[in-house]
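Start counting the sequence shown at 85; every next residue gets the next number (our numbering).
All C-beta atoms in this analysis are idealised placements derived from N, C-alpha and C, irrespective of residue type, glycine included.
None of the values given here were measured: they were computed from a predicted structure.
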Amino acid sequence: MRLFLKLFFAFSVTVGSLLTGPSVGAGDNMLMVVEAFARATAGQAKNGAAFLTVMNHGSEDDFLVAVETTAAKRPELHTHIHDNGIMRMRQVAEIKVPAGGSAALKPGGDHVMLMGLVAPLTAGAAFPLVLVFKHAGRITVDVPIGSVAAAAPPGSAHSGHSGHHMKPAKKN
């Protein structure tokens, strides 16, 4: 009977994690990273950008405080601001992920700026991105690269395909 209960528990946890999507928890703070993507770069572009959504199912706000990747020499957290009618990018120290809410890093808003690309971002490829949170710690996601004009992850529901594009987030 104990063996049956252990197997049932293991099965329940496995199925439950598959149904809830890619997520990583740290203490009371449960984060889920979805819709990660980058746009392919054109020509000799030295910079690129990555986009994603972080969902916080916990009861405590968390903050994305840094990013790391081997794809760029200087990855930074950025936002767009309106300055006298002109959109300008600015580096920010952190991006809030509210408890019970989400933070969307998307074109025209908060995003990951990839300064000093090591190699061009090529459509169809992917690269690892480490997200560093104040409470949840380090989470690694694979970032698929779409076309130069991509507005959503390659193969996502937003680009006319099913949502099976999500990659599991890995806690470091």
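- Under the three-state reduction of DSSP output, S143 falls in the coil class, being neither helix nor strand.
- Under the rule that a run must span 3 or more residues, the beta strand (DSSP E) segments found entirely inside the stretch 123-209 read 131-140, 146-152, 156-167, 170-175, 179-181, 186-189, 195-201.
- Of all C-beta pairs linking the stretch 185-199 to the stretch 132-148, three or more are shorter than 8 Å, placing the two stretches in contact.
- Excluding sequence positions up to five before and after T125, its CB lies within less than 6 Å of the CB of G132, P204, L205, all in the same chain and listed in chain order.
- Collapsing the DSSP output to three states places V118 in a strand.
- Pairing L189 with S231, the inter-Cα distance amounts to about 18 Å.
- In the assembly as shown, G142 is a buried residue. Its beta-carbon has 16 or more other beta-carbons within 10 Å.
- Between P228 and A210, the CB-CB gap stays under 8 Å.
- CA-to-CA, the gap between K218 and M171 works out to about 28 Å.
- Here M173 is not near H166, since their CB atoms are 8 Å or more apart.
- Under the three-state reduction of DSSP output, V232 falls in the coil class, being neither helix nor strand.
- Contact between F121 and A234 holds, since their C-beta atoms are separated by about 6 Å, short of 8 Å.
- Apart from sequence neighbours up to five positions away, the residues of its chain that approach V202 with a beta-carbon distance below 8 Å are T154, A155, A156, K157, ordered along the chain.
- Collapsing the DSSP output to three states places P212 in a strand.
- By the C-beta density criterion, P159 is buried, having at least 16 other C-beta atoms within 10 angstroms.
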